[in-house]
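Colleague: Each residue of the sequence shown is one higher than the one before, starting from 1 at the first, in the UniProt record's numbering. Beta carbons: idealized from backbone N, C-alpha and C, even for Gly. Predicted model, so just to flag it, every value in this text is computed and none were measured. Provided herewith is a single structure, encoded as C-alpha cells, for subsequent inquiry.
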Amino acid sequence: MASLPKQRDRTKENFDRSCKRGAARLHKISKEYGARVYVQVCWRGRHYEYTSHDEPRWPRTKDDLEIVIPSAAQEVLKKALGDVKSLNDSTLSVITGPHVRNCLIAGIVSIAFAFLSFISLLHGWGARLVSFLPSVKLLRAVLYLLFGLGCCVPFMVAVGYQVTMLSVLPSWVDVQQGRVFGLSVGCLCCGCGLALLGGMIPFVV
C-alpha cells in the first residue's frame, strides 16, 4: 500500500504529459480546418473536458481512462487524412524520383550545350552560324538570353515538380527540404546566371 501514492503520482505525470501532447496536435488541426477539437475523458461516469488551452484534469487510476473523440473531431481527422490519401493517389503517382532525375540530366546536357555555344561565340568560331541574326547588339543580347533561359527549362520543370508536391500538402504536415531540391534550385540558378552572361556576349565581342 505504501507504493500506491507513488504509483498515482507517476500515473498523473504520464497522463498530463500525454494529454498535453494530444491536445496540442488536435489544436493544430482544429486551427487549420476551423473546427473546435476537444478531448473528453470519462472516469466512472464522470466527464472531464479539455482543449490545448486548458490544464487537463486526471482521474485516479490509469485503467479507468477512456478517451472519447467527438464526431466533429472525427470529421476533421477524416478530412485531413483524406487529403493526404488523395495526394498519395494522384499527385505523388505523377511526381516521382525518375521525373526529377531525368529533368536534371536533360538540364545538364542543355546547359553544357549552351556553355559550348557561348564559348564558340566569344572566340568567333560560330560567327557564321549567327550571321542571320540582327546586327543590333541589343537584339542579339535578348536572343542569346532567351536561348540560355530555354536551356534552363528542364531545371525549371524539376523545381516546379517539387514545389507543386509541397504546395498540395496540408499545412499541418511538417516538410523538410532535401538535397535533391537544393540541387535543383542550385542548377537553376547556375543556368540563369549562364544565360545572363550569354546575353552580354554581343557587348563584349
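1) Quick one: give me the first and last residue of the alpha helix (DSSP H) that G186 is part of.
2) Between A106 and V136, what straight-line distance do the alpha-carbon atoms span, to the nearest angstrom?
3) Could you work out which residue in C152, V153, F181, C151 is closest to T164 when comparing CA atoms only?
4) Compute the Euclidean distance between the alpha carbons of residue 218 and R101, then round it to the nearest angstrom.
5) Determine whether the beta carbon atoms of C151 and F113 lie at a separation below 8 Å.
6) Quick one: what's got a C-beta closer than 7 Å to L188's C-beta in the same chain, skipping five residues either side?
7) Starting from the C-beta of V185, find all residues in its chain whose C-beta is less than 8 Å away, skip the five residues before and the five after it, and write them out in chain order.
8) Nearest CA to the CA of C190: which residue from L121, H99, Q176, I108?
9) Buried or exposed for G193, please, with buried defined as at least 16 other CB atoms from any protein chain shown within 10 angstroms of its CB.
10) Excluding five sequence neighbours on each side, which residues of the same chain lie with their C-beta closer than 7 Å to the C-beta of F203?
11) Are the CB atoms of I201 and L116 nearer to each other than 8 Å?
12) State the CB to CB distance for the pair F118 and G178, rounded to an integer number of angstroms; the pair is presumed to be in contact (CB under 8 Å).
13) Using C-beta distances below 8 Å, list every residue in its chain close to F147, excluding the 5 sequence neighbours before and after it, in chain order.
14) For F147, which three-state DSSP category applies?
15) In three-state DSSP terms, what is V68?
16) Using a 10 Å radius around the Cβ and a threshold of 16 neighbouring Cβ atoms, would you call T61 buried or exposed?
17) Can you name the start and end residues of the alpha helix (DSSP H) that S135 belongs to?
18) Just how far apart, CA to CA, sit Q162 and C103?
Modeller: Let me spell this out:
1) 179 to 199
2) Computed Cα separation, rounded: 32 Å.
3) F181
4) Outside the displayed span of the chain (1 to 205) sits residue 218, for which this structure offers no information.
5) yes
6) Residues C152, F155, M156, V159 of the same chain have their beta carbon placed closer than 7 Å to that of L188, with the five preceding and five following residues left out of the count.
7) Listed in chain order, the non-local C-beta contacts of V185 below 8 Å within the same chain comprise V159, local neighbours out to five positions each way being set aside.
8) The shortest C-alpha separation from C190 is found at I108.
9) exposed
10) K137, A141
11) no
12) Contact doesn't hold; Cβ gap of about 32 Å is too wide.
13) A114, S117, A195, G198
14) helix
15) The predicted model places V68 with a pLDDT of 40, which falls under 50 and marks its position as unreliable; any figure quoted below should be read in that light. In this structure, V68 counts as strand in the three-state DSSP scheme.
16) With a pLDDT of only 43 at T61, under the threshold of 50, the placement of this residue in the model should not be trusted, and no figure is reported.
17) No residue range can be given for S135, since it is assigned to no alpha helix (DSSP H) and is classified by DSSP as neither H nor E.
18) 12 Å
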